[in-house]
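Beneath this line is the structure, given in C-alpha cells, with notes to follow.
Number of protein chains: 2
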Amino acid sequence: MARSDTRYREAYNRILTYCETLPPKAPIPSETRLAEIAGVSRTVIRRCLTRLEELGLISWQGRDKHLLRQPRAEDRIAVPEAAADPSDLEQRFLDWVLRFDVPANTPLSVAELSRTFEVPQYDLKEFLAGLSRFGLVSRRPQGGWMLLGFTKDFAIELSDFRSVLEQNAVSQVVEAPVDHPVWAGLAQLRADHLALKQAIDRDFHEFSKLDERFHQTINSVVRNRFIAEFQKVISLIFHYHYMWDKTEEKHRNAAAIDEHLAIIDALEARDAEAARDAALRHLRTSKTTLLSSLRHHDLG
Amino acid sequence: MARSDTRYREAYNRILTYCETLPPKAPIPSETRLAEIAGVSRTVIRRCLTRLEELGLISWQGRDKHLLRQPRAEDRIAVPEAAADPSDLEQRFLDWVLRFDVPANTPLSVAELSRTFEVPQYDLKEFLAGLSRFGLVSRRPQGGWMLLGFTKDFAIELSDFRSVLEQNAVSQVVEAPVDHPVWAGLAQLRADHLALKQAIDRDFHEFSKLDERFHQTINSVVRNRFIAEFQKVISLIFHYHYMWDKTEEKHRNAAAIDEHLAIIDALEARDAEAARDAALRHLRTSKTTLLSSLRHHDLG
DNA sequence: TTTATGTACTAAATAATTAAATGCAAGACA
DNA sequence: TGTCTTGCATTTAATTATTTAGTACATAAA
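Sequences listed follow chains R and B, in order. Position 72 of the first sequence, counted from 1, bears residue number 72 in this note's numbering, the numbering being contiguous throughout. Position 146 of the second sequence, counted from 1, bears residue number 446 in this note's numbering, the numbering being contiguous throughout.
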C-alpha cells in the first residue's frame, strides 16, 4: 500500500546501460552525477547503488566506487508493464460515451470506468475533474460523478460556442500572411472537396474525415491555449455525430461540400465579411445536424 | 484511515429534528422514507436507527418502530467542524496567486497548499486537475504540479480570448429584447459612470469595481456554460491586475469610463457595428494595461 | 575551498480501509 | 397477489497510512 517503485527500477536499468559504456574497473561517478545521468534524485541513486553492490557489480566504500564486472542481461531489473497510457484517455472516454450513446445524467462509476479503460482510479478522478470544467460531467452530492452531456441544451451551447470560435478563426485566416501554411492547406482542401464532389454518389461517407480536416486547418491559424483545449473536444463530438446521423447523409454532405467551398472562396479572396457570412451559414447547418442526430437517438 | 462519518452524523441530527415534529409515541416511517427525508442511503439510516434505539429514543422491532420520548438537545451528535468550504477554493487560490504575485513556473506543493487553504489534499488535486484544463497549471514529470500562468504569452492569449468572448456578448446584447434586464443594468451603469466621472479626482480607485460590474452585465446576456466557466477566471484576473497597476491610474480610469460610455451609447442605439468597434477599442486598452502591469511586476 | 556523502525531513503516489450506496431476495401486511 | 419493508451481501467511493522519492543541510574528505 504505497507508491510503486517504477522510478527506481527504470533508473536502475538506465544506470546499468551507463555502466556498460565504462571500461572494466572504472571508477563510478558521484551520486549527484549519476542522479543527473538517470534523471532522478540522489535517494533513488543510492537504492540503485545498494543493489549494484549487493549483486557484486560494484565495490562501494565511502566515496570510493568501482566497477567490478560488466553488467549482463540478467542483471537488469523487471519494470512493471506500463499501463495503457492515460494520455489519450480523453479520446477513449469521449469515444466510449459517443459510441455507446451514453445518455445524459448517467451516473459514472470510477471503479467501473477504471476497469473499462484499464487506468488507475486516481488518474480517472483527475480526468473527470478536468472534464467537469467543461460542464461535461459533475460531482453528485452522494459522491461519485455523473455524465451531464448531450442534452439538447448542451448541444445548442456547444454549437454556439463553436460558432464564436470559428468565426474568430475565419477572421484570423483572412489576416494571415501569404506564406502562412494555411493557404497551401486550403488549396489542397479545395482540390479534395472538388474531387469528392465528383464522386459523391459513391464516396459520400468520406466527407466526415474531410470535414474534420477542413475545420482543423482553419483553426490551426489561431494560436491560443484556451481555444485549442476546447477545439479538441468540440471537433470530436461533431465528428462523431456527423458520422452517425444517416438521414439523407449523401444530400447533406453534398450541401456541406458547397458550403465549405464557399468559405474557401471567400477566404482566398481575403473577403472577411463574406467569409464570416459563409462560415455562419455552414455552422448553422452543422448545429441543425447535431440537434437532429440527438433527436433521432432520443426517439430510437 | 478511512472516510469520515460526517454524513452519518449530519443525517442523525437531521432525523432528530424530524422526530421533534412527531407527536409522542408516534410510529417512525420506513427506512426508505427516512432515507429520503435525510437525503442519504438506507445504510446510513440503519446506523442512525441503531443509535436511536441504544439511547432509548425509539423502540425498534422488525418493522415496528415507535418514538419512546422526545429528543433533547444533548441527544444530538457532534459534527466535526466543517472545513473551510472548498467551493470558493478557486476564488481563494487565484486570489493567493495574484495577491502574492506568485511568479510563472513556480512548483506548487499540494501538501503546502492544503495547509494554506485548509482543504484536504484530495480536493486540491481535483481542483488543480481542473485548472490544468485552462492551462493555468500543469503536471511536472517528477510529480507534483507547477503554476504556469501569468507569463506574457499567457496574458496575450487570455486577452485575445476575452476579446472573442466579449465581442460575441456585445453582439448578443444588441439583439436582446427590450424587456431584458440588461437594459436596466446598462442604464444604471451609465448613471454610475457619469457620477464617477464627476468625482474622478477623488474616487478614481472606485473604478475597478465598476469595471467588473460593467463586464459582468454585458456577459450576463450570454447563456452558455462553456463561456460562463471562463468568464469567472478571466474577470478575476483582469480585476486584480487592473487594481494593482498604479501607473497613471487616475488618467487610465478616466479614459476607461469614456470607453465604457461609448459602448453603452452604441448598445442603446442598437448599433451592432459601432458597439463592436467600441468594445474592441476598450479591450485593446485593457490588454495593454494587463501587459504593462506584468512588465512592472517583472521589473520590480 | 570545493565537492561528495551522510542524515533528516518533507512531499507525493497509491494501496488499504472504512463509510456509504445499491441490488436482490425474502418476509410482512393489506 | 401485489406492494412495501427490511435483511443481507456486494460494490463503490472517500480518505488515510505507508512507502517511495525529493530536498536541504550538516559533515567529512579531497
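Glycine included, C-beta positions come from ideal geometry on N, C-alpha and C.
#### Entry: Local Cβ density within 10 Å of Arg33 of chain R, reported as buried at 16 or more and exposed below that
exposed
### Task
Name the residue from R:His260, R:Ala26, R:Asp211, R:Val164 whose alpha carbon lies nearest to the alpha carbon of Tyr240 of chain R.
R:Asp211
### Query
Can you tell which of R:Thr285, R:Thr289, R:Arg7 has the C-alpha that lies nearest to the C-alpha of Gln442 of chain B?
R:Arg7
### Task
Would you give the residue range spanned by the beta strand (DSSP E) that Ser438 of chain B belongs to?
437–439
### Query
Since Phe461 of chain B meets chain R, which of its residues come closer than 7 Å, beta carbon to beta carbon?
Asn224, Phe226, Ile227
### Query
DSSP state of Ser30 of chain R, grouped into three classes?
coil
### Query
For Ala301 of chain R versus Val221 of chain R, is the C-beta spacing smaller than 7 Å?
The structure shown does not extend to residue 301 of chain R, since chain R is modelled only from 1 to 300, so the question has no answer here.
### Message
For Ile456 of chain B, report the span of its alpha helix (DSSP H) as first-last.
### Response
452–475
#### Entry: Any 3 or more C-beta pairs closer than 8 Å across the stretch 549–560 of chain B and the stretch 425–445 of chain B
no
#### Entry: Inter-residue spacing [alpha-carbon to alpha-carbon] between Ser39 of chain R and Ala78 of chain R
It should be noted that the sequence gives Gly, not Ser, for residue 39 of chain R. Roughly 19 Å separates the two Cα atoms.
### Message
Rounded to whole angstroms, what is the Cα-Cα separation between Ala272 of chain R and Leu590 of chain B?
### Response
29 Å
### Message
Strictly under 7 Å for the Cβ-Cβ distance: is Leu599 of chain B near chain R by that measure?
### Response
Confidence is the limiting factor: at Leu599 of chain B the pLDDT is only 43, short of 50, which leaves the residue's position unreliable and the question unanswerable from this model.
### Task
Please look up how many angstroms separate the CB atoms of Ile358 of chain B and Leu458 of chain B, rounded, as I've assumed it's under 8 Å.
59 Å between Cβ atoms; not a contact.
### Task
Anything in chain B within Cβ reach of Gly135 of chain R, meaning under 8 Å, just list it in chain order.
Arg525, Phe526, Glu529
### Query
Among the residues of its own chain, which have a CB less than 8 Å from the CB of Gln121 of chain R, if the five just before and after it don't count?
Val110, Ala111, Ser114
### Query
Glu512 of chain B CB to nearest chain R CB: under 7 Å?
no
### Cβ-based contacts, 7 Å cut-off: residues of the stretch 107–130 of chain R near chain B
Lys125, Glu126, Ala129, Gly130
#### Entry: Residues of its chain near Trp60 of chain R, where Cβ-Cβ distance is below 7 Å and the 5 sequence neighbours each way are ignored
Leu49, Glu53
### Query
Exposed or buried, what is Leu594 of chain B when buried is set at 16 or more other beta-carbons lying within 10 Å of its beta-carbon?
buried
### Message
Measuring straight from C-alpha to C-alpha, what distance separates Phe230 of chain R and Arg51 of chain R?
### Response
48 Å
### Query
Does DSSP put Gly300 of chain R in a helix, a strand or coil?
Its pLDDT being 35, under 50, Gly300 of chain R is placed unreliably by the model, and the measurement read from it follows with that caveat. Gly300 of chain R: coil per DSSP, three-state reduction.
### Message
Just to confirm the assignment, what range does the beta strand (DSSP E) spanning His505 of chain B have?
### Response
Note, His505 of chain B: premise wrong, no beta strand (DSSP E); not H, not E.
### Query
Starting from His366 of chain B and walking both ways along the beta strand (DSSP E), at which residues does that stretch end?
364–367
### Message
I'd like to know if Val170 of chain R contacts chain B, where contact means its C-beta is closer than 7 Å to some C-beta of that chain.
### Response
no
### Query
Name the chain B residues that come within less than 8 Å of Ala132 of chain R, Cβ to Cβ?
The question names Ala, but residue 132 of chain R in the sequence shown is Ser. The contacting residues are Gly430.
### Task
Could you tell me whether any Cβ in chain B is nearer than 7 Å to the Cβ of Val164 of chain R?
yes
### Message
Please report the distance separating the alpha-carbon of Pro107 of chain R from that of Arg139 of chain R.
### Response
9 Å
### Query
What residue from R:Arg47, R:Asp153, R:Leu148, R:Arg162 has the CA that sits closest to Arg284 of chain R's CA?
R:Arg162
### Query
Which residues does DSSP pair with Ser59 of chain R in a beta bridge?
R:His66
### Query
How should Phe427 of chain B be labelled, buried or exposed, when 16 other C-beta atoms within 10 angstroms of its C-beta is the threshold for buried?
buried
### Query
Given a threshold of 16 other Cβ atoms within 10 Å of its Cβ, counted over all protein chains shown, does Asn519 of chain B qualify as buried or as exposed?
buried
### Task
Consider the Cβ of Glu157 of chain R: report whether some Cβ of chain B lies at a distance smaller than 7 Å.
yes
### Query
Can you check whether the CB of Val137 of chain R is closer than 7 Å to the CB of Leu267 of chain R?
no
### Task
Work out the CA separation of Arg433 of chain B and Arg133 of chain R for me, nearest whole Å.
7 Å
### Query
Whose C-alpha, out of B:Gln516, B:Val397, B:Glu381, is nearest the C-alpha of Glu310 of chain B?
B:Glu381
### Query
The alpha helix (DSSP H) spanning Pro481 of chain B covers which residue range?
481–498
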